[in-house]
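These notes concern the structure reproduced below.
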Amino acid sequence: MKFVCDAMLGKLARYLRMLGIDAPYIHNIEHLKSCKNEPEKPIFLTRRLIGSVPYDICFSIKSEHVEEQLREIRDLIKPFIHEDMLMSRCIRCNMPLDDVKKIEIEQFVPEHIFHNYDKFKACPSCKKVYWKGSHTEHMMGWIEKLLADN
Ligand SMILES: [Zn+2]
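Residue 396 in the numbering used here sits at position 131 of the sequence shown; the count goes up by one each step and never skips.
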């Protein structure tokens, strides 16, 4: 399931990407028109009045704060969060990450990271390098807490 984020929800989009969720974000709601043709229509997350949006699968976000926003959509995103999907998507560009050989990224990560980690992934678009530990451990604790909270 894809969650398209409105321009006002850039931070939320980055959090969803950390969770491995496909979360593009759009500057112009006219772009939603192309969503109508997708085989599985994405859900549009927005802080706009739903009536003003030219798309029928919307979820209205009330809070301005990302943690509250995540709590608002918790039940919606819960089925799409899987531990093995963490660190599978670029936080900057929403692109699925590629596995890369350690030797290929030596010049792109700090020396202590290179020596302490063996598995790396990289974004095919912006080339940002990710490794387990870059946000996975922190995220896991955080996600468990989010999913357990009422
Ligand atoms: Zn990227």
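Just so you know, even glycine gets a beta-carbon here, dropped at the ideal spot from N, CA and C. Values in this document were obtained by computation on a predicted structure and should not be read as measured data.
F379 and K276 have their C-alpha atoms roughly 28 Å apart.
In the DSSP assignment, L297 falls outside any beta strand (DSSP E) and within the unbroken alpha helix (DSSP H) covering 297 to 300. For D364, the enclosing beta strand (DSSP E) has its first and last residue at 363 to 365. Inside the region 332 to 370, DSSP marks whole beta strand (DSSP E) runs of 3 or more residues at positions 363 to 365, from first to last along the chain. When the five nearest sequence neighbours on each side are left out, the beta carbons in the same chain lying within less than 7 Å of the beta carbon of I315 are those of C323, S325, in order along the chain. The region 358 to 367 makes contact with the region 382 to 389; the number of CB pairs closer than 8 Å reaches 3 or more. In chain order, the residues that have a beta carbon nearer than 6 Å to some heavy atom of ligand 1 are C355, R357, C358, M360, C388, S390, C391, K393.
In the three-state reduction of the DSSP assignment, A278 falls in the helix class. Apart from sequence neighbours up to five positions away, the residues of its chain that approach R279 with a beta-carbon distance below 7 Å are I356, ordered along the chain. Non-local beta-carbon contacts of M404 in its own chain, meaning distances under 7 Å to residues more than five positions away in sequence, involve M283, L351 in chain order.
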